[in-house]
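**Q** Please see the structure below; I have some questions.
Residue numbers (our numbering): 568 to 700.
Encoded structure:
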């Protein structure tokens with residue numbers, strides 16, 4: 568469990584680094600709507616990941632069963648889908664109002680995917696080199 572926590576914490580830190588780095592690069596290099604898309608997409612997905620991490624950690628640590636036999640998994644899924652629906656509405660409004668460039672928004676929303684890919688690549692490299700030695 569400790570290794571999993573390290574990986575999740577690494578992904579969380581990497582999310583913020585990639586979010587800030589991509590936002591600063593877009594601020595300097597991209598038109599305003601593209602920058603806003605990258606910034607808002609990265610912000611939405613980074614906050615969403617942070618809230619998901621906090622929700623899962625809190626509920627797993629409580630180790631309790633809700634009233635009427637409902638499981639913690641059910642409660643987590645309800646919270647997940649509510650957050651997912653809210654995120655979908657926000658993204659829809661940003662695109663429908665033409666507040667952001669869709670490509671910039673897509674780049675921003677890819678921050679967590681990129682962080683997860685980096686973490687997976689690092690862990691895979693550790694495994695390969697550990698077996699090679």
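Just so you know, even glycine gets a beta-carbon here, dropped at the ideal spot from N, CA and C.
Given 8 Å as the limit, is there contact between the region 599-610 and the region 668-677, that is, 3 or more CB pairs closer than that?
**A** yes
**Q** Quick check on DSSP: helix, strand or coil for residue 668?
**A** Of the three classes helix, strand and coil, the one that applies to residue 668 here is coil, per DSSP.
**Q** Count the CB pairs spanning the region 568-588 and the region 612-629 that are closer than 8 Å, and state whether there are at least three.
**A** yes
**Q** With 16 other CB atoms within 10 Å as the buried threshold, where does residue 656 fall?
**A** So residue 656 ends up on the exposed side.
**Q** Sort 617, 579, 594 and 595 by Cα distance to residue 650 and report the nearest one.
**A** 617
**Q** For residue 681, I'd like the list of residues in its chain whose CB is within less than 7 Å of its CB, leaving aside the five on either flank, ordered along the chain.
**A** So the qualifying residues of the chain are 585.
**Q** Could you check which residue in 653, 627 and 654 has the C-alpha nearest to that of residue 641?
**A** Taking only the C-alpha atoms, the option nearest residue 641 is 627.
**Q** Given residue 615, which residues of its chain have a CB within under 7 Å of its CB, disregarding the five upstream and five downstream residues?
**A** Same-chain partners within the cutoff: 650 and 654.
**Q** Alpha helix (DSSP H) containing residue 592: first to last residue?
**A** 569-596
**Q** Answer with buried or exposed for residue 666, where buried requires no fewer than 16 other C-beta atoms within 10 angstroms of its C-beta.
**A** exposed
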